[in-house]
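Below: the structure, in C-alpha cells.
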Amino acid sequence: MSDLRVGVLALQGDVREHLAALRAVGAEALPVRRRAELDSVDALVLPGGESTTMSHLLGELELIEPLRTRLAEGMPAYGSCAGMILLAAEIVDAGAEGRAAVPLSGIDMTVRRNAFGRQVDSFEGEIAFEGLPDPVHAVFIRAPWVERVGSGVTVLARAAGHPVAVRQGQVLATSFHPEVTGDRRIHQLFIDIAAGQA
Ligand code: GLN
C-alpha cells in the first residue's frame, strides 16, 4: 500500500487500464482532466493513446504549462507510449504543424514518434527489464523509441537495439503498454519510485 495520490491524465487513451493497474498495486488513483485535479495529485501517469490528440486537448484545457511546471518541480511521472512521447524533451516526427505532439520535458531525451510503426504496426515480445528477474511481455502499438538520452537518464530496456524504457530521477517512461497485459510490475516500480523507495 502507499499513501500517494496518483493521477492518470484522462483526456484520451488507456485511462481505465492505468487506473486499474495502479489500484491493483495499492495506490489511490484518480483521473486528471483539470488544473485543480493536477494540483491535487502527488504523481501522474500519462497513458498510451495518441500524443497529438492529447497535446491538442492539453492546449485547449490550458494544462501544458502547469504540467511542465509540475515536472520541472520534480513531480514523479510515468508515461507509456504516447505518454513517453509527451514526457520527452524533443520529439522527432511530432506530427503536422498545429496538431503536433508537445514535449513536456519530464526526461532529457529525444523520442521518435511512430518509430516502430514504420516497420510493423504493432508487435509483442519478451524483453529484459533492468532490475526485474523475469522478462516483461511488452506490447508495442505504433510505438516510439528513444533516439537520444541525456547523461542523467538510465536505459532500463531495449528492443531492436533502441531504448524502450528509461528513467530519469522519479520519471519513468516505456514505449510499450504494461497497462494492457496484466503484468503489474512496471506500475509497482513506478509507485516505489514515486514513494522514494526505488
Ligand atoms: N503513435 C502514438 C502517438 O503518436 C502512440 C501510440 C500508442 O500510445 N499506442 O501518440
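First residue of the sequence shown? That's 912 in this note's numbering, and the numbers climb one at a time after it. Backbone N, C-alpha and C fix where the C-beta goes; we use that ideal spot for every residue, glycine too. Computed from a predicted structure; not experimentally measured.
Within the continuous alpha helix (DSSP H) that includes S966, where are the two ends?
962–971 is the extent of the alpha helix (DSSP H) around S966.
Keeping to the same chain, check which residues put their C-beta closer than 6 angstroms to that of L969; ignore five residues upstream and five downstream.
Around L969: I975.
Nearest to W872 by alpha carbon, out of I1104, D1004, A1039?
Coverage of the chain is limited to positions 912 through 1109, which leaves residue 872 absent and any answer about it impossible.
Over the uninterrupted beta strand (DSSP E) stretch that includes T1085, give me the two end residues.
Element bounds for T1085: 1082–1085.
So is the beta-carbon of S951 under 6 angstroms away from any non-hydrogen atom of ligand 1?
S951: no, Cβ never under 6 angstroms from ligand 1.
Would you call the CB atoms of T1065 and A1076 closer than 7 angstroms?
Contact: no.
For the stretch 1044–1091, which segments carrying the beta strand (DSSP E) assignment without a break, of at least 3 residues, lie completely within its bounds, in sequence order?
The stretch 1044–1091 contains these whole beta strand (DSSP E) runs: 1047–1052, 1056–1060, 1065–1070, 1073–1079, 1082–1085.
So if DSSP puts F1034 in a beta bridge, which residue, or which two residues, is it bridged to?
F1051, per the DSSP bridge assignment.
Are the stretch 915–934 and the stretch 1086–1098 in contact at 8 angstroms, needing three or more beta carbon pairs?
Segments in contact, yes.
Counting along the chain, where does the alpha helix (DSSP H) carrying M995 start and finish?
Note, M995: alpha helix (DSSP H), 993–998.
According to DSSP, is R927 part of a helix, a strand, or is it coil?
R927 falls in the helix class under three-state DSSP.
Would you please state the rounded distance, in angstroms, between the beta carbons of P977 and L949? I believe it to be under 8 angstroms.
The Cβ separation is near 6 angstroms, so the contact holds.
Do you know how far the Cα of E971 is from the Cα of G994?
Approximately 18 angstroms between the Cα atoms of the pair.
Is there at least one non-hydrogen atom of ligand 1 closer than 6 angstroms to the beta-carbon of A932?
Flag unset: Cβ of A932 not near ligand 1.
So L982 is in the alpha helix (DSSP H); what residue range does that whole segment cover?
Note, L982: alpha helix (DSSP H), 975–983.
Pull the bridge partners of A990 from the DSSP assignment, please.
Per the sequence shown, residue 990 should be read as Gly rather than Ala. L957, A1084.
Determine the extent of the alpha helix (DSSP H) in which I1104 is found, giving its start and end residues.
It spans 1096–1105 - the alpha helix (DSSP H) in which I1104 sits, taken as one unbroken run.
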